[in-house]
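Participant: So the sequence shown is numbered by this note's numbering: it starts at 83 and just counts up by one.
The beta carbon of each residue, even a glycine, is placed where N, CA and C say it ideally should be.
Sending over a structure as structure tokens; questions will come in a sec.
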Amino acid sequence: MNKPKVDFDQYTQNYNELLREGTGFFSKNEAYFAEYKVKIARREFSSEPKNVLEYGCGIGRNIPYLRAAFPGATISGSDISVASLEIARQENPGVEFFMENSDISGSTLYDMIFVAGVFHHIPVEQRLPAMMSLHKRLAPGGAVIVFEHNPFNPVTRRIVNDCPFDLDAVLLRPSELKKLYTAAGFHVEGHAYCLFVPPSLPFLLPLEERLGKLPLGGQYWVKAVRAL
Ligand SMILES: C[S@@+](CC[C@H](N)C(=O)[O-])C[C@H]1O[C@@H](n2cnc3c(N)ncnc32)[C@H](O)[C@@H]1O
83 MNKPKVDFDQ YTQNYNELLR EGTGFFSKNE AYFAEYKVKI ARREFSSEPK
133 NVLEYGCGIG RNIPYLRAAF PGATISGSDI SVASLEIARQ ENPGVEFFME
183 NSDISGSTLY DMIFVAGVFH HIPVEQRLPA MMSLHKRLAP GGAVIVFEHN
233 PFNPVTRRIV NDCPFDLDAV LLRPSELKKL YTAAGFHVEG HAYCLFVPPS
283 LPFLLPLEER LGKLPLGGQY WVKAVRAL
């Protein structure tokens, strides 16, 4: 049975604070997670995308890092939370933000779509249509990278259980995400677990890439491409 959908309009004012409460033991600065994921996206995209979308951008925390990592690209953000998009606009002048399912949501073809922490909020039966809509909006040869909480990590599960805006969360295993990609017509290109080492232990950070196959990271990512 589906859990009642969380309305992110209710969490715009304390989103960062709640995030800090849950993840402060790992990094005191919640912006670390945004920068970290964008760094992985940058590393995984060898070409220079012209149009980048962050699907489910929330209050726009990842946008400044996407702008810095892809300076030649036009960056856009979308969400289903009006209040989150308002904050994202205020914080990121010059970036186009739009509501999912509005007229504008199908009008551009993107070379890259970045998705962080969104799919576990999408009701299970709506995930494939959501993935298919990403496929449709991607230019041939373009790619999507999705970051998700790692359901195999007990600490991650506890953080999700304790977080008020995760009340509707149904975590997905990497294999489920890959199945969604394949069913939507994508070719899966890469996958790794991540967020093993806190930034307070910088000398261990180079280990992160080597640990990617261990299902113990706080999160994981899967990248897939739309065939040419
Ligand atoms: C945990 S927040 C993550 C926000 C942002 N990606 C980040 O990393 O800070 C999840 C976001 O997904 C959005 N969301 C949920 N279902 C969605 C859907 N079907 N389409 C687009 N966004 C959705 C929510 O409104 C919320 O802003």
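What runs of the beta strand (DSSP E), each 3 residues or longer, lie entirely inside the stretch 178-256?
Facilitator: Taking only runs of at least 3 residues, the beta strand (DSSP E) segments lying wholly in the stretch 178-256 are 178-181, 192-198, 220-231.
Participant: In chain order, what residues of the same chain have a beta carbon less than 7 angstroms from the beta carbon of P256, not counting five sequence neighbours either side?
Facilitator: As a first step, residue 256 must be located in the sequence shown, where it is residue number 174. H273, Y302, V304, listed in sequence order.
Participant: Would you decide whether K218 is buried or exposed? Buried here means 16 or more other CB atoms lie within 10 Å of its CB.
Facilitator: Along the sequence shown, read from residue 1 onward, the residue named residue 218 stands at position 136. The residue in question, K218, is exposed, as its Cβ has fewer than 16 Cβ neighbours within 10 Å.
Participant: Provide the residue span of the beta strand (DSSP E) that contains N133, from first to last.
Facilitator: Position 51 of the sequence shown holds residue 133. It spans 133-137 - the beta strand (DSSP E) in which N133 sits, taken as one unbroken run.
Participant: Can you look up Q301 in the DSSP assignment and give me helix, strand or coil?
Facilitator: Working through the sequence shown from its first residue, we reach residue 301 at position 219. In the structure shown, Q301 sits in a strand (DSSP, three-state: E or B).
Participant: Between A198 and K85, is the Cβ-Cβ spacing less than 8 angstroms?
Facilitator: Numbered from its first residue, the sequence shown carries residue 198 at position 116. Numbered from its first residue, the sequence shown carries residue 85 at position 3. No, the pair does not count as a contact, with Cβ atoms beyond the cut-off.
Participant: Determine contact between the stretch 273-290 and the stretch 93-113, defined as no fewer than three beta-carbon pairs at a distance below 8 angstroms.
Facilitator: Yes: at least three Cβ pairs fall under 8 angstroms.
Participant: Could you check whether the stretch 199-213 touches the stretch 221-231, counting it as contact only if at least three pairs of C-beta atoms, one from each stretch, sit closer than 8 angstroms?
Facilitator: Result yes; three or more Cβ-Cβ pairs closer than 8 angstroms.
Participant: In this structure, does DSSP put I162 in helix, strand or coil?
Facilitator: By one-based count along the sequence shown, residue 162 stands at place 80. Coil at I162, not helix or strand.
Participant: State the start and end residues of the unbroken beta strand (DSSP E) segment that holds V270.
Facilitator: Against the sequence shown, residue 270 aligns to sequence position 188. That run of the beta strand (DSSP E) goes 269-276.
Participant: Could you give the distance in angstroms between the alpha-carbon of S216 and the alpha-carbon of L286?
Facilitator: Reading the sequence shown from its first residue, position 134 is the one you call residue 216. Reading the sequence shown from its first residue, position 204 is the one you call residue 286. For the sequence presented, residue 216 should be read as Leu rather than Ser. Approximately 35 angstroms between the Cα atoms of the pair.
Participant: Decide yes or no for the touch test of the stretch 177-187 against the stretch 135-149: beta carbon pairs closer than 8 angstroms, at least 3 of them.
Facilitator: In short, these stretches touch, since the Cβ pair count reaches three.
Participant: Using a Cβ-Cβ cutoff of less than 8 angstroms, which residues in the same chain neighbour M181 once the five nearest sequence positions on both sides are dropped?
Facilitator: On the sequence shown, residue 181 is found 99 positions in, with the first residue counted as 1. Counting only Cβ-Cβ distances below 8 angstroms, and skipping sequence neighbours, we find S160, D161, I162, V164, L167, S187.
Participant: Under 7 angstroms from any heavy atom of ligand 1, does the C-beta of N144 make it?
Facilitator: Looking up residue 144 in the sequence shown gives position 62. Yes, ligand 1 has a heavy atom inside 7 angstroms of this Cβ.
Participant: Just curious, the alpha helix (DSSP H) that V88 is in, first and last residue?
Facilitator: In the sequence shown, counting from the first residue as 1, residue 88 sits at position 6. Premise fails: V88 is in no alpha helix (DSSP H) and is neither H nor E.
Participant: Terminal residues of the continuous alpha helix (DSSP H) containing N98?
Facilitator: For this step, residue 98 is matched to residue 16 along the sequence shown. Segment 97-105, the alpha helix (DSSP H) holding N98.
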